[in-house]
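Reading through the structure tokens given below for one structure.
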Amino acid sequence: MAEPALTLRHFFERARAGQLTAVRCRECGELAIPPKELCPACYERAWEPVPLGGEGTIASYTVIRVAPRAFMADAPYAVAAVKLREGVSILGRIVDLPLERLAVGLAVRFRPIVRDSQTAIGFGPA
Amino acid sequence: MRRVAVIGVGVTKFGKHERTSSELFAEAAADALADAEISADRVQALYYGNVVGSETEHQLHTGPQAASILGIPAIPTTRFEAACASSHAAFRHAVMEVGAGVSDVVLVGGAERVLNVATPDSTEYFAYASDAVWEQTLGLTFPGVFALIARAHMQKYGTTEEQMAAVAVKNHKHGALNPKAQFQKEITLEQVLKSAYVADPLKLYDCCPFTDGGAAVVLASEEVARKSRRPVWVLASAAASDWMLLGDKRDLSRVPATERAAALAYKQAGLAPTDVDVVELHDCFTIAEIVATEGLGLFEPGAGGRAAEKGMTSLGGRVPVNPSGGLKAKGHPIGATGAAQIAEIVTQLRGDAGPRQVNRARTGLTHTLGGNTATVLVSLFGRG
Numbered sequence: 104m105a106e107p108a109l110t111l112r113h114f115f116e117r118a119r120a121g122q123l124t125a126v127r128c129r130e131c132g133e134l135a136i137p138p139k140e141l142c143p144a145c146y147e148r149a150w151e152p153v154p155l156g157g158e159g160t161i162a163s164y165t166v167i168r169v170a171p172r173a174f175m176a177d178a179p180y181a182v183a184a185v186k187l188r189e190g191v192s193i194l195g196r197i198v199d200l201p202l203e204r205l206a207v208g209l210a211v212r213f214r215p216i217v218r219d220s221q222t223a224i225g226f227g228p229a
Numbered sequence: 008m009r010r011v012a013v014i015g016v017g018v019t020k021f022g023k024h025e026r027t028s029s030e031l032f033a034e035a036a037a038d039a040l041a042d043a044e045i046s047a048d049r050v051q052a053l054y055y056g057n058v059v060g061s062e063t064e065h066q067l068h069t070g071p072q073a074a075s076i077l078g079i080p081a082i083p084t085t086r087f088e089a090a091c092a093s094s095h096a097a098f099r100h101a102v103m104e105v106g107a108g109v110s111d112v113v114l115v116g117g118a119e120r121v122l123n124v125a126t127p128d129s130t131e132y133f134a135y136a137s138d139a140v141w142e143q144t145l146g147l148t149f150p151g152v153f154a155l156i157a158r159a160h161m162q163k164y165g166t167t168e169e170q171m172a173a174v175a176v177k178n179h180k181h182g183a184l185n186p187k188a189q190f191q192k193e194i195t196l197e198q199v200l201k202s203a204y205v206a207d208p209l210k211l212y213d214c215c216p217f218t219d220g221g222a223a224v225v226l227a228s229e230e231v232a233r234k235s236r237r238p239v240w241v242l243a244s245a246a247a248s249d250w251m252l253l254g255d256k257r258d259l260s261r262v263p264a265t266e267r268a269a270a271l272a273y274k275q276a277g278l279a280p281t282d283v284d285v286v287e288l289h290d291c292f293t294i295a296e297i298v299a300t301e302g303l304g305l306f307e308p309g310a311g312g313r314a315a316e317k318g319m320t321s322l323g324g325r326v327p328v329n330p331s332g333g334l335k336a337k338g339h340p341i342g343a344t345g346a347a348q349i350a351e352i353v354t355q356l357r358g359d360a361g362p363r364q365v366n367r368a369r370t371g372l373t374h375t376l377g378g379n380t381a382t383v384l385v386s387l388f389g390r391g
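Chains Z and A are the protein sequences, given in the same order.
Our numbering puts the first residue of the first sequence at 104, with every later residue one more than the last.
Our numbering puts the first residue of the second sequence at 8, with every later residue one more than the last.
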């Protein structure tokens, strides 16, 4: 079988360049992020990558004050569940937003967090 | 399936120990065998839960290690890793082995050792149960996961920090009655509300502690159980899962895996939530107890916070939840937790719980959750 429509490596290469990408099922139109092998709605295996706008709103958030060892220097920092405009949701680290401004419903925009070879999902001001 | 019963239980003191996890399991297992009044040579298999042994003890292969330290090395052993639900997952599979007629006597249990490492390290190791690519890279912690759930629940239903604090106060009150509990002291609502934020809106006293400990139960077929002193029957044991990633969940205020596992368990047992007299559920954080009481059908979605505040889940309330003190006060040695919850329900149904005894307890439920709510086990037990 051919390589998936969007491997994790491809996803993060695009994310690193500032582009958030989902996959859409060519059979039923289901949108998924991160990519999955089978469509959870129709179980087909017919994905195509689709670029997302990167805009969304905070559905829930937390300020982490007791951090894992690798993140101790960053604390306190915020992590949010973001509902993207296209309807799918993803977790991301909040960047460039004062912690006291955070609120459910606040508009945010995708911002990759690049640390050495690792890219993580981030969201900053809209 | 054949009927299956729990005929013996054993739990170590929960807290900080200087012994390895396998030693802690062995103590609990020997106690469980003694309680069952059954010789160790009757045990045909071990189903074992242990989670962060690789990280805190540099130890894989903990199944045979645990059996060896107990002194019964020859039996088949299987280690289960389902994050904090590990030994409850082990229990369900052991029930299937005995129920299927493969074995007549099976030992189930688990153990964990984490207080030998510093909090930033244990916080990191526990976070390994969230997704390495999508969640650990954000610095997401387990208090963080349940803080996201808490805020969603507060937003949707108006649940308050005071209602969450009421869960902590109640579980500490229960834990004060349990000589095996890590924390045997009562706390006030004010203490909870004034404690430092760990992951807003969750504060220190909303969180269960890190704990060392072991727990074990002896499972037997009906034929063996009928000859035992005080069997407690397994009426159902069900499991369900959900998306691994929190971001894939449509509604963070609910735990679909709890709702699915509960529906399966009630159906297996032919029971309804109103039939349950006593519950041991997964209160790793106060909000987790509130959401679990809703997912198990004990209260309507959104009503769990008010129910806790009104004392409906306290000893003497409508449906006592976590008479042991729960994970919050009894402690949470993650690999042992499911087996320890089962041990408490068996103790309650036998009428052996002393000052924390739930009156007229005939039917009990255990609920254990693993990871970002991706694994849930629900079992039901009865005296008759």
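We put the CB at the ideal spot given by N, CA and C, even for glycine.
These figures come from a predicted structure and were not determined experimentally.
The C-beta of R196(Z) comes closer than 8 Å to at least one C-beta of chain A.
Here T160(Z) is bridged, per DSSP, to K186(Z) and A210(Z). Using a 10 angstroms sphere on the CB of N366(A), the tally of other CB atoms stays under 16, which defines it as exposed. Taken through DSSP and simplified to helix, strand or coil, D128(A) comes out as helix. Under the DSSP definition of a beta bridge, K210(A) partners with Y204(A).
One thing to note: Y54(A) has its Cβ within 8 Å of the Cβ of A97(A). Judged by DSSP in its simplified three-state form, A73(A) adopts helix. Secondary structure at S228(A): strand, using DSSP grouped into helix, strand and coil. Among the residues facing chain A, S220(Z) is not included, as its CB has no counterpart in that chain under 8 Å away.
Residues of the same chain with a CB within less than 6 Å of the CB of G389(A), apart from the 5 flanking positions on each side, are W240, L242 and T370 in chain order.
Restricting attention to A210(Z), E133(Z) and D177(Z), the CA atom closest to the CA of G146(A) is found in D177(Z).
Residue pairing of D219(A) in beta bridges, as defined by DSSP: G22(A). At a cut-off of 8 Å, the C-beta of V18(A) has no neighbouring C-beta in chain Z.
Interface flag for L196(A) against chain Z is unset, since no Cβ pair is found closer than 8 Å.
Taking A223(Z) as the centre and dropping the five residues before and after it, the same chain places the C-beta of R196 and I216 closer than 7 Å to its C-beta, in chain order. With contacts defined by Cβ atoms closer than 8 Å, V285(A) and P238(A) do not form a contacting pair.
Between V262(A) and L372(A), the C-beta spacing is not below 8 Å.
At a Cβ-Cβ threshold of 8 Å, G342(A) and G56(A) count as neighbours. Taking 8 Å as the CB threshold, T160(Z) stays off the interface with chain A. Identification of residues in the stretch 169-188 of chain Z having a C-beta nearer than 9 Å to some C-beta of chain A yields V169, A170, P171, R172, A173, F174, M175, D177, A178, P179, Y180, A181, V182, A183, A184 and V185, given in sequence order. Here DSSP, grouped into helix, strand and coil, assigns G227(Z) to strand.
Here E193(A) is near K180(A), since their CB atoms are less than 8 Å apart. The beta carbon of G377(A) sits closer than 6 Å to the beta carbons of A89, A90, C91 and A92 from its chain, once the five residues preceding and following it are set aside; these are given in chain order. When the five nearest sequence neighbours on each side are left out, the beta carbons in the same chain lying within less than 7 Å of the beta carbon of L200(Z) are those of G227 and P228, in order along the chain.
Restricting attention to A270(A), P127(A), N178(A) and L322(A), the CA atom closest to the CA of G338(A) is found in N178(A).
For a cut-off of 8 Å, the C-beta gap from A346(A) to G106(A) is around 18 Å, too long to register as a contact. Following the DSSP letters along the chain, one finds P154(Z) inside the beta strand (DSSP E) bounded by residues W150 to P154. Of A368(A), G22(A) and R120(A), the smallest CA-CA separation from G391(A) is found for A368(A). Here the C-alpha atom of L31(A) lies approximately 12 Å from the C-alpha atom of A74(A). Contact annotation: H160(A) and V298(A) have beta-carbon atoms nearer than 8 Å. The residues G324, in chain order, have a CB closer than 6 Å to that of G318(A) in the same chain once the five nearest residues on each side in sequence are set aside. Look at L205(Z) here: in three-state DSSP terms it is coil, with no helix or strand label. Annotated three-state conformation of I349(A) is helix, per DSSP. Distance from L122(A) to K187(A) at the Cβ level is roughly 16 Å; contact not present, criterion being Cβ atoms closer than 8 Å. For S386(A), the enclosing beta strand (DSSP E) covers residues T382 to G389.
In this structure, C215(A) lies away from D128(A), with their beta-carbon atoms at least 8 Å apart.
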